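Protein chains in written order, with numbering that gives the first Met the number 0: chain A, 0 to 335; chain B, 0 to 335; chain C, 0 to 325; chain D, 0 to 325. Glycine included, each C-beta is placed from N, C-alpha and C at the ideal position. These figures come from a predicted structure and were not determined experimentally.
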Amino acid sequence: MAYIEQLQPQDLLEMYRLLRLTREFEDRLCALWGHGGVVELPHGSQGQEAIAIGACYGLRQQDQVMPSLRTRGAFIVKGVPTSLQMAGIFGKATGPARGKSTTHHMADPEHGVLLGTGLIGSDIPVAVGAALAFKLQKKDNVVINFFGDGAAQRGDFHEGLNFAGVFKLPIVFVLENNGYAEYTPLEKHFAGDNFACRAEGYGFPGERIDGNNVLVVYEAVQRAIARARAGEGPTLLECMTFRYRSHCEARAPEYLRDPVQLASWHEKDPVRQFEAYLLECGVLDEAGMESIAAAAQDEISASIRFAEESPFPPAAELSEGAYAPEDPALVGGRRI
Amino acid sequence: MAYIEQLQPQDLLEMYRLLRLTREFEDRLCALWGHGGVVELPHGSQGQEAIAIGACYGLRQQDQVMPSLRTRGAFIVKGVPTSLQMAGIFGKATGPARGKSTTHHMADPEHGVLLGTGLIGSDIPVAVGAALAFKLQKKDNVVINFFGDGAAQRGDFHEGLNFAGVFKLPIVFVLENNGYAEYTPLEKHFAGDNFACRAEGYGFPGERIDGNNVLVVYEAVQRAIARARAGEGPTLLECMTFRYRSHCEARAPEYLRDPVQLASWHEKDPVRQFEAYLLECGVLDEAGMESIAAAAQDEISASIRFAEESPFPPAAELSEGAYAPEDPALVGGRRI
Amino acid sequence: MREIMYRDAIREAMVEEMRRDPSVFLMGEDVAEHGGNFLVTTGMYEEFGEERVFDTPLSESALVGAGVGAAMMGMRPIVEVMFADFVTIAMDAIANHAAKVYYMSGGEVTAPMVIRLAAYGAGRRSGAHHSQSVESLLTNVPGLTIVAPSTAYDAKGLLKAAIRTPNPVVFLEHKMLYAKKGEVPEGEYLVRIGVADVKREGTNLTLVSYGRMVDVCLVAARTLEKEGVSAEVIDLRSLQPLDEETILASVRKTGHLVIVHEAPVRGGFGGEVAAVVAEKALGYLDAPIKRVGAPWVPVPFSPTLEDAYVPQEADVIRAAMAVMSG
Amino acid sequence: MREIMYRDAIREAMVEEMRRDPSVFLMGEDVAEHGGNFLVTTGMYEEFGEERVFDTPLSESALVGAGVGAAMMGMRPIVEVMFADFVTIAMDAIANHAAKVYYMSGGEVTAPMVIRLAAYGAGRRSGAHHSQSVESLLTNVPGLTIVAPSTAYDAKGLLKAAIRTPNPVVFLEHKMLYAKKGEVPEGEYLVRIGVADVKREGTNLTLVSYGRMVDVCLVAARTLEKEGVSAEVIDLRSLQPLDEETILASVRKTGHLVIVHEAPVRGGFGGEVAAVVAEKALGYLDAPIKRVGAPWVPVPFSPTLEDAYVPQEADVIRAAMAVMSG
Ligand SMILES: Cc1ncc(C[n+]2csc(CCOP(=O)(O)OP(=O)(O)O)c2C)c(N)n1
Ligand SMILES: Cc1ncc(C[n+]2csc(CCOP(=O)(O)OP(=O)(O)O)c2C)c(N)n1
Ligand SMILES: [Mg+2]
Ligand SMILES: [Mg+2]
C-alpha cells in the first residue's frame, strides 16, 4: 500500500477530523429538517463519508471534483466553507450563487468544484469535458467524478466513460455503490455481478473496493490519480457502501429496507472504524478525539447560526445573471 | 455445433440463395446510384451479408427484427419483397409507407420488421420494448436487434442492454463490428479490446464471433434465441466483419481506408466462402450455383423495373397520416 | 360530490383503465412499492402486481424508448418520467420515435402510449432541474398530443381518454396541483382531449391559461370584477390539439386578451395562442395582446427568488389593466 | 467582392478564430480527416492537427456535455452535431447544463461554446430524422443564444461573434444553404448577434423570416412587386436575442405581416414573432397576421412529398395576397 504509508500522523488526524465534520454536518442537518430553516431537502451521506474523504484528501486546489448527490465530504475536503453550504441549504443570499441554485450541485471554481446538475448521471460527460480541458491545456490536474449505482445506468455514464477512455483523459470515476437508487434496490436495476467490470468495455481499469474504509479508498484513488496525471487515462472505482438515512429525509431510514441489513452496516461505520484504527495505532487518544468532535460541533453550530442569521436574497436579484455580460459589439437585440 | 447439424441441404441452399440475392440487390443498387432513379443514398452491406442471413434464417414471422443501416439481408430473409424495398429506394408510392419514409428504417408488421430510426442506436431501447411486450404478453417470440460498433457507443446501447438484462427480455443483440463508424476507425472511437465483454456489465453472456461465416452466425444466434425463448434473457453477439463499400455511395470504397486491409477482407467474402463450402460438401454444384445466381439477377431486375415503372406518391398524400384515426368522443380540437 | 386530490384522480384513471384493458401497464422509477415520490401510484403495485406496475433502472431514455417499442407491439404503456425536467434525456424517444411511428409506417403501426411528465413546474424549492415547465420543448412536434389538466376532474377524464387514444400522448402534471382537491365522480367518465374549458364567463377580457396558472387567473378574475373588469377564464387543458374555436369565440366577445403560463414568455406556448388570435380574430381586438409568464431565467432555488419567479395574481392583474386601458 | 459558399464561410470563421485564440477547438463526428459530410470542416484537421480538430465517438450527449465541461474550464469549444435532428439526444447538455451554467453558478462560471447544429432542414431526401427544423425545441430555454444565418456573409460574421461571446450559442446551419454562394470579405469582420437584417425595403407588407426561407421570401417579394405589393423582407438572423425593434419598425410602416419559416406552423417560432407584434404594434396592423410554415407532419422522404412539404414562393404569395386583401 504505497500511498497510505506516506501519510503522516497529522494526515490521519486531518482525515479523521474531516470524517467527523462531515458526519456532524449531516447529522445536524437531518435533525434540523422539518423544524424550519432548512429549505433544501437533505439527502444524507451518513455511512458513505469515507468515499468522499478518502478520494479527495490531498487533491490540488486546481484538481476538480464533480460531487454526487451524496458527497458532502467532497465539498468539505475541497475547502468549501460549511457556513456557505449551510447558508445555501437555508436558501440564503450568503449561500452558493446567492440562493439561485441548490447546494447539491453548487459550483465553486475557487475550490475546484464543478457545477453539477439535478439530472443524475448527466454530470458525467461534463466532468469528462473538464478532464478534456486539462489534457488540451497540458495540465496534469485531474477530475474526480462521484456518482451512484443508479447513475451508472444512465446513457451518459456509458458515453462519458467511453469518451474518457478513447482520449485517455485524467479522470477518476468514483462509483458509490450503496445498493439503492432512491427506493429501488440494486437487484431491481442491475443484473450484473459488479460495476467495476464495465471499465473493461471502455479500455481502462476498474476495481471494486471497500468504500467504508477511508484508507482503502485513499490508496485506490491515489493510484488512479497517479495514472491520470501520467497521461495513462481514467480509472473506475466501485466503492461498496450503504447509506444510513433514507434516500432523502422525506422517509424514515428503514423505509423499504431491511433493518437487519441496516444494522449490519452500522457495524462497519466508516468513522468509528477509522477511529478505532487510530486509537489502536496510537495516533489518536480519547482527549484528541473529544477535542476534534467538539471542534466539529462548534463549527457546524456556527454554520447553522450563520445560515439562520443570513438574509434571503432580495427578489430583485431573480432576473439577473442568466447571461454573462456581453460585448455590445458582439450582441444586441432583446433577450425578452 | 448443435443447430447447424439440423440444417437440411435445402436449408443450406436457401441460405445461399438469400446471400446471393442480398449481394445482388446491393451491387445493382450501388451501380444504379448516380444514374437516376435511386433517391435513397445507398449504405451498402456488401461483405456483411452473412450476419443478417445467419441471424434471421429460421425466424418465426412473429419474431421481430430491428435492422441496422446495414442489414439489407434482414429485410430479405424476413420476406419483405425486394420490389417493395427497391420502390421505396426510388421514392415511389409502391414503397414502404407510400414514400413517406426511407426504407432504411421501414416498418413491416406483416413480416416482423420493427420501425427503426435515423438516429443510430436510438432503435435499441425500442427493440427492447418490443421484447418487453413479448414478455408481458407471455409469448415466446424473440427480437433480433442489429447495430454497428458506432451505435454501441450511444447511451441508448447502454440503457437498452441494461434494461433488457434486468428484465431478462427475449432479445438478441447482434453487433456488426465492421471497424468503422462512418469514416472513423474503431481505434478512434473505442479503447477497449472487444465489445462482447460489455455484456458482463449487464448480466448476460456476450461473445465475439466470425461475422463472415453464415453458419457460425446461425449457430450462435440460434443458441441465443433458445436462451431467449426459454426466458433466460438476452445475449450480445459481436460479429466481426468489414464493409466493401464506403460508409455510403457518396465516397469510393478506398476512401480513408487501407486498400490492403480491404483486399484482405475480400479474401474472407461471406458469399464465396459459403459457396466454396457447399460445393465442397456437394450440396451445391456449378449448375445449381448458376441458376441461383440467374434467379437473383432476374428478381432484382424485375424489382428495379417495378420501381422505375411505379408512380411517385401524389403531393396530396403529404399531409395525411400524422395521427391514427381517433374516436371523436376522445379527441376534438384542431391539430393545426 | 366526492372530492379527491389531483394525484388521486390520476391514479384512479390509471387503475380504472388497467382494470378495463389488460394491455395497459405502468412503468417508471420507483412507481411500484414506493408508489412514487408524489404518491401518485400508491397502491397500484399491490393491486396489479409486478407484471403491470414495475420499477425501471435510472434510464429515462430506455424507459420511454421501451414504452414506444411495447406500444408498437400492441401494449398500451403508461410511462412515468419522475420529473418533467428529465424530458431532455427522453426527447429522442418522444419527438423522434413515438411522434413519428404512425406517419413513418404509413399507418401500419401505432404507438398508443401515455408519457406522464410528472411534477413539472416551480413552487417546491427543487431548483433549476426539478421545476421547469417544459411544454414548449414539445409543442412544435407533429404526431404528439399534449394535455395539461388543471383540476382533479380533468386529470382523471383526460388521462382515461389519453390511455385510449391510438396516438402517443404527453400528459403534464404540475407538482403544485397534486394535493389540490376537486369534485370527481366515482365512476367512468371521459374528458375530450382538445377541448378547452371556460372556467368563468366574462364579457370584456379573456384570460387564456392552462395548468397551475388557471387558478391564478381565476383569483385575478375575482379581483378584476371589483375593478369593473369582467374576465372570462379559459383553461386550454390541451395544447395539441388546440381548441381554437373556444379561444376565438371568447376574444370576439371580449375584445381583450391576456395569455398566462408559468413557462418563460419568449418562445412559450403563449405565442402560439397570440398568433392564432392575431390571424383569426384580429379585427375583434380592442387592445394589444399581453402575455404573462416567468422571467427569462432558469428556475431559482431560494424561496424569495422562486416565489418571485412564478407569475402571481398581481402580474395577471397588471397585464389585464394595461390591456383594458390600452 | 469575393464570392464563397456558406459552408466555406463557416469554415473560414472557425479557422480565423482558431488562429486568433488557442482556446478554441473543434470536435464532432467525422470532422477531422473526413472534413464533415457537408465539407464544412475540410482542411481544418490538416492546419490545426488532432489536438484542436478531432473526431469523437458516436455519442452526441457526451460530445456536447464534454463541450460544456471544457468550456467551464476555460476552453472555447465548437461542437458539431452532424445533423440538427440529433439535438434530441443532446438536449440535456444544451438546455439543462450549458444554458444554466452562468445563472446556477451565480456568475462564477461561464460556458463559452458554440453548438453547431449542422445540416438542419428539408430538401435532400434524407427522411424524417435528417431533415427537421429544430429551433423551437430550444427557443423557450433561458440562457441560450440562437442564431440561424441565411447567407455566407452572415454565417461567417455571426459564427465569429458566437465563438467570442461568453455564453453558449446554438448555431443553426441549413443543409440547403451550404452550397449557396455569397460575397464574403477576406479578412476580419463580425456580425452582431441579435440584430435582424432588412434584406429588402418595402412599404406595404412585411415578410419576417430566417434561414433558408429568407430567399423564398425575396423571390416572392419580386413577384409581389408585379402585383403592386411592396414587400419588406426581414431576415431575423438571430432568434435569441430577438431584434424586436426592426420587426416593429417595419410593421408600423407597412401595416401588414406574414411570418415564414420552414418548421411546422403550430408551436413554431413564428408564434413568438406574431405575439411580439400583437402586443407592441397591434394598432398599426391593417390586416390579420399570417404564418407560413410546413404542414403538421414529420418530414417525408419521397421527392414529391418533400418538395410539397417545404414552403414555396407560391405559399408566401398566397399568404401575402390574403393579408393585403384582408
Ligand atoms: C435523470 C434523473 N432521473 C431520476 C432522478 C431522481 N433521482 C434522484 S436521486 C435518484 C437515485 C440515484 O441513485 P444513485 O445514483 O445510486 O445515488 P444515491 O442516491 O444512491 O447516492 C433518482 C432516481 C434524477 N434526479 N435524475
Ligand atoms: C445519433 C446519430 N449520430 C450520428 C449519425 C450519423 N451516422 C450515420 S451512420 C453512422 C456510423 C454508424 O456506425 P456503425 O454503428 O458502426 O454502423 P455501420 O455504418 O458501420 O454499419 C453515423 C455516425 C446518425 N445517423 N445518428
Ligand atoms: Mg445508490
Ligand atoms: Mg461500424
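Counterpart residues of residue i in DSSP-defined beta bridges
| i | result |
| --- | --- |
| D:Leu171 | D:Leu116 |
| D:Val52 | D:Leu25 |
| C:Ala293 | C:Pro263 |
| C:Met212 | Note: C:Met212 sits in no beta bridge, so no partner. |
| A:Gln63 | A:Val142 |
| D:Val232 | D:Arg199, D:Leu206 |
| A:Ile208 | A:Cys238 |
| C:Ser60 | Note: C:Ser60 sits in no beta bridge, so no partner. |
Residue i beta carbon near ligand 3 (any heavy atom closer than 7 Å)
| i | result |
| --- | --- |
| A:Asn177 | yes |
Test: residue i CB closer than 8 Å to a CB of chain D
| i | result |
| --- | --- |
| A:Asp155 | yes |
| C:Leu288 | The residue asked about is misnamed: residue 288 of chain C is Ile in this sequence, not Leu. With 8 Å as the cut-off, C:Ile288 counts as an interface residue toward chain D. |
| B:Pro41 | no |
Residue i at chain C interface by Cβ criterion, 8 Å
| i | result |
| --- | --- |
| D:Arg265 | yes |
| A:Ile335 | yes |
| D:His128 | yes |
Distance cut-off 7 Å: residue i Cβ against heavy atoms of ligand 4
| i | result |
| --- | --- |
| B:Ala195 | no |
| B:Asp148 | yes |
| B:Ala180 | yes |
Any non-hydrogen atom of ligand 1 within 7 Å of residue i CB
| i | result |
| --- | --- |
| C:Met81 | yes |
| C:Leu57 | yes |
| C:Leu247 | no |
CB of residue i within 8 Å of CB of residue j, strictly
| i | j | result |
| --- | --- | --- |
| C:Glu182 | C:Arg1 | yes |
| D:Pro240 | A:Val330 | yes |
| C:Met326 | C:Glu28 | Since the first residue shown for chain C is 0 and the last is 325, residue 326 of chain C is missing from the structure and cannot be characterised. |
| D:Leu304 | B:Lys91 | no |
| D:Lys198 | D:Val146 | no |
| D:Ser60 | D:Asp91 | yes |
| D:Val67 | D:Val133 | no |
| A:Asp148 | A:Phe189 | yes |
| C:Gly201 | D:Ala273 | no |
| C:Val259 | C:Pro310 | yes |
| C:Val315 | C:Ala219 | yes |
| C:Tyr209 | C:Gly254 | no |
| B:Cys55 | B:Gly43 | no |
| C:Val215 | C:Leu256 | no |
| D:Phe47 | A:Leu135 | no |
Any non-hydrogen atom of ligand 2 closer than 7 Å to residue i Cβ
| i | result |
| --- | --- |
| B:Phe74 | no |
| B:Arg34 | Looking at the sequence itself, residue 34 of chain B is His, so the reference to Arg does not match. False, no ligand heavy atom lies under 7 Å from that Cβ. |
| D:Arg88 | A quick correction: the sequence has Ile, not Arg, at residue 88 of chain D. True, at least one ligand heavy atom lies under 7 Å from that Cβ. |
| B:Ile143 | no |
| D:Ser60 | no |
CB contact check: residue i to chain B, cutoff 8 Å
| i | result |
| --- | --- |
| A:Glu231 | no |
Interface flag, residue i vs chain A, CB-CB below 8 Å
| i | result |
| --- | --- |
| B:Val79 | no |
| C:Leu304 | yes |
Taking only runs of the alpha helix (DSSP H) that begin and end inside the stretch 219-276 of chain B, which ones reach a length of at least 4 residues, in chain order?
258-266
Where in the stretch 120-198 of chain B do unbroken runs of the alpha helix (DSSP H), each at least 4 residues long, occur, reported from the N-terminal end onward?
122-135, 154-165, 185-188
What runs of the beta strand (DSSP E), each 3 residues or longer, lie entirely inside the stretch 178-204 of chain D?
180-182, 196-199
To test your reading of the DSSP string, which unbroken alpha helix (DSSP H) runs of 4 or more residues are found completely within the stretch 135-169 of chain D?
151-163
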